[in-house]
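Numbering (my numbering), first residue to last: -4 to 157.
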């Protein structure tokens, strides 16, 4: 990954005795896709009386927190896809899910600048979630093409975020 140095100016004083501002540098990544994943601990859930409403609120917060984190280092970040895998038993897990959705594009590296520059291949996650221990997969996306593809997969259901 080629990190870019970006110069910016500010009206902030560089020291107490200097009032004219300063030039700073920041390292930026022009475009990237970040994955965030986690599990609900079934033992903690029992002790905290976790409800489905709590889980729905957490999913909504996960989606919105990325979209609303508007700081210099996080400007223009957007949530792309949220998946919630519901298991037959709360102690079940599928591992390696981060490698099951493939990015397909004719563009390479820094040519990728938006989700319009690629498609996603969901065949790996489709196969992995077809096992008996997966009850269903709830998903949310605002990408119409991905939504249509995911709705065709058995066990996948569009979740509604409030």
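Where a beta carbon is used, it is the ideal one built from N, C-alpha and C, also for glycine.
Predicted, not measured: the structure shown is a model, and the values here were computed from it.
- About 5 Å separates the beta carbon of residue 76 from that of residue 136, a gap short enough to meet the 8 Å contact definition.
- Each residue's CA atom was taken as its position, placing residue 45 and residue 134 some 20 Å apart.
- Here residue 124 is buried: its Cβ has 16 or more other Cβ atoms, across all protein chains shown, within 10 Å.
- Its chain contains 26, 100 and 113 as the residues whose beta carbon lies nearer than 7 Å to that of residue 107, once the 5 sequence neighbours on both sides are disregarded; these appear in chain order.
- If you look at residue 64, you'll find it isn't in any beta strand (DSSP E); DSSP assigns it neither H nor E.
- Note: residue 0 is bridge-paired with 22 in the DSSP secondary-structure output.
- Taking the C-beta atoms as reference points, residue 61 is found no nearer than 8 Å to residue 51.
- Of all alpha-carbon atoms in 66, 24 and 91, the one lying nearest the alpha-carbon of residue 104 is that of 24.
- As DSSP reads the structure, residue 126 sits in no beta bridge.
- For residue 39, the closest C-alpha among the options 71, 17 and 86 is that of 86.
- Closest option to residue 95, judged by alpha-carbon separation, among 117, 32, 143 and 49: 117.
- As the crow flies, the alpha-carbon of residue 130 is around 28 Å from that of residue 28.
- Secondary structure of residue 120 (DSSP, three-state): helix.
- Per DSSP, reduced to three states, the secondary structure at residue 31 is coil, with no helix or strand assignment.
- Non-local beta-carbon contacts of residue 20 in its own chain, meaning distances under 8 Å to residues more than five positions away in sequence, involve 0, 1, 2 and 3 in chain order.
- In the DSSP assignment, residue 79 falls within the beta strand (DSSP E) that extends over 77 to 82.
- Distances from the CA of residue 132 to each of 83, 122 and 79 were compared; the closest alpha carbon is that of 79.
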